[in-house]
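S.K.: The structure follows.
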Amino acid sequence: MGASPANELARGLLGVEFDPIGRVRVDPWLRPAGRTDVFALGDVAATGDLMTIVAITRQAPWLAKTIKAIVAGRRVESLARYAPWPSPPILVPLGPKRGASVLPLTKSGPTVGGFLTSLIKGKTLFIPRYRKEFGIK
Ligand SMILES: Cc1cc2nc3c(=O)[nH]c(=O)nc-3n(C[C@H](O)[C@H](O)[C@H](O)COP(=O)(O)OP(=O)(O)OC[C@H]3O[C@@H](n4cnc5c(N)ncnc54)[C@H](O)[C@@H]3O)c2cc1C
Numbered sequence: 026m027g028a029s030p031a032n033e034l035a036r037g038l039l040g041v042e043f044d045p046i047g048r049v050r051v052d053p054w055l056r057p058a059g060r061t062d063v064f065a066l067g068d069v070a071a072t073g074d075l076m077t078i079v080a081i082t083r084q085a086p087w088l089a090k091t092i093k094a095i096v097a098g099r100r101v102e103s104l105a106r107y108a109p110w111p112s113p114p115i116l117v118p119l120g121p122k123r124g125a126s127v128l129p130l131t132k133s134g135p136t137v138g139g140f141l142t143s144l145i146k147g148k149t150l151f152i153p154r155y156r157k158e159f160g161i162k
């Protein structure tokens, strides 16, 4: 609640339009309206997703795949459009053992309790996973 996008760089781009909370309006391939040479993702882009890391974990692989296809000579408009999370996962640990989560298995859930929330996030807060990803021992 109350998050606002860091849109200073985007405000410097000619022709870019913003939604009422300052997110860049993008086309189905995450390009700001009126620009074919720029992509926007994360909090600053009005992709249809919420402003979360969870959203970026969906947007970034899509964009990487899209850019590879463009480099290989494909036209952007011939590629699959970005589709926002139909129902994003929400993980809310309360300490290492308690909490609640909504898992993206169906359109509206299911909602699970402390045991699964602890197993997925509460116990480690993803720290081992990201240490590994960043090559930190
Ligand atoms: C308290 C809090 C808790 C959160 N908890 C969660 C959570 O549990 N799960 C979840 O999924 N999401 C969570 N979020 C949301 C998540 O942090 C954001 O969605 C995410 O950080 C957005 O990443 P971003 O890279 O799009 O934008 P940002 O993180 O805002 O990064 C933008 C970057 O651009 C830089 N920048 C801005 N202007 C310029 C400029 N002119 N030149 C150069 N650099 C510039 C900024 O310094 C910044 O580093 C939380 C957010 C907050 C505030």
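Residue 131 in the numbering used here is what sits at position 106 of the sequence shown, and the numbering runs on without skipping anything.
All residues carry an ideal CB built from backbone N, CA and C; glycine is no exception.
Keep in mind it's a predicted model, so treat the numbers as computed, not measured.
#1: Got a list of residues with beta-carbon closer than 5 Å to any non-hydrogen atom of ligand 1, in chain order?
#2: Looking at the structure shown, is R106 part of a helix, part of a strand, or coil, going by DSSP?
#3: Is the number of C-beta pairs between the region 129-146 and the region 110-118 that are closer than 8 Å three or more?
#4: Since I92 is in the alpha helix (DSSP H), which residue starts that stretch and which ends it?
#5: Per DSSP, which one or two residues make a beta bridge with G67?
#6: Between the region 89-103 and the region 42-60, do at least 3 Cβ pairs fall closer than 8 Å?
M.R.: Answer, in terms of the structure:
#1: Those residues are A31, E33, L34, G67, D68, M76, T77, I78 and V79, given in chain order.
#2: coil
#3: yes
#4: I78 to V96
#5: In the DSSP output, where bridge partners are listed per residue, G67 has none listed.
#6: yes
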